[in-house]
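For what it's worth, the UniProt record's numbering labels the leading residue of the sequence shown as 1, then goes sequentially. Okay, so here's the structure we're looking at.
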Amino acid sequence: SSPAPAPLCRKWEGGDPGVANQKTPTSLLLTPEGTFHSFGYTARDYYHDLDPEEAREWFYFEKFKMKIHSTSDLTMKTELEAVNGKKMPALEVFAHSLRFFKQHAVQ
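Right, dumping it as structure tokens:
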């Protein structure tokens with residue numbers, strides 16, 4: 001008998017308790033200095049637990065992939081707006097996300 005195939009997708013932490021998740025929200029949280037903090041449910045939950053005054057300083061992006069799909073004139077200078085109005089180059093937002101996925105995939 002041949003070995004069982006290895007699963008391609010890991011389960012995501014977070015979401016509804018007791019529910020296995022194959023997907024995670026496209027949410028990215030960066031510190032006030034712009035460094036990576038967390039992605040997905042972890043980012044969403046951490047940001048929503050911040051004191052509202054403190055949250056204004058952080059960069060929290062939700063559903064940013066969909067915002068790119070709805071932008072017709074993408075350039076290297078395209079910016080994305082965090083939920084609190086702070087802006088950052090889309091290239092940086094995606095770079096942080098891709099680094100996270102790379103690390104997630106090799107774990």
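Virtual Cβ for every residue (Gly too), placed ideally from N, Cα, C.
Exercise. From G40, T31, L30 and T35, pick the residue whose C-alpha is nearest to that of F101; which is it?
Worked result: Working through the sequence shown from its first residue, we reach residue 101 at position 101. Comparing C-alpha distances from F101 to each of G40, T31, L30 and T35 shows the shortest one belongs to G40.
For this session: Decide if R56 is buried, meaning its Cβ has at least 16 other Cβ atoms within 10 Å, or exposed.
Result: The residue labelled residue 56 in the question sits at position 56 within the sequence shown. R56 is exposed by the Cβ-count criterion.
Exercise. So the alpha helix (DSSP H) L98 belongs to, where does it begin and stop?
Worked result: As a first step, residue 98 is located in the sequence shown; it is residue number 98 there, counting from the start. In the DSSP annotation of this structure, the continuous segment of the alpha helix (DSSP H) that includes L98 starts and ends at A90 to V106.
Problem set entry | Closest residue to S27 among K86, F59, E79 and T75 (Cα-Cα distance) | Position 27 of the sequence shown, counted from the start, is the residue given in the question as residue 27. Taking S27 as reference, the option from K86, F59, E79 and T75 with the minimal CA-CA separation is F59.
Exercise. Looking at the unbroken alpha helix (DSSP H) that takes in E54, where does it start and where does it end?
Worked result: If you number the sequence shown from 1, residue 54 lands on position 54. Unbroken alpha helix (DSSP H) run through E54: P52 to A55.
Exercise. First and last residue of the beta strand (DSSP E) that includes E33?
Worked result: If you number the sequence shown from 1, residue 33 lands on position 33. Here E33 belongs to no beta strand (DSSP E), and DSSP marks it neither H nor E.
Exercise. Do F64 and V93 come within 7 Å of each other at the CB atom, strictly closer than that value?
Worked result: The residue labelled residue 93 in the question sits at position 93 within the sequence shown. The residue labelled residue 64 in the question sits at position 64 within the sequence shown. Yes, these two residues count as a Cβ contact at 7 Å.
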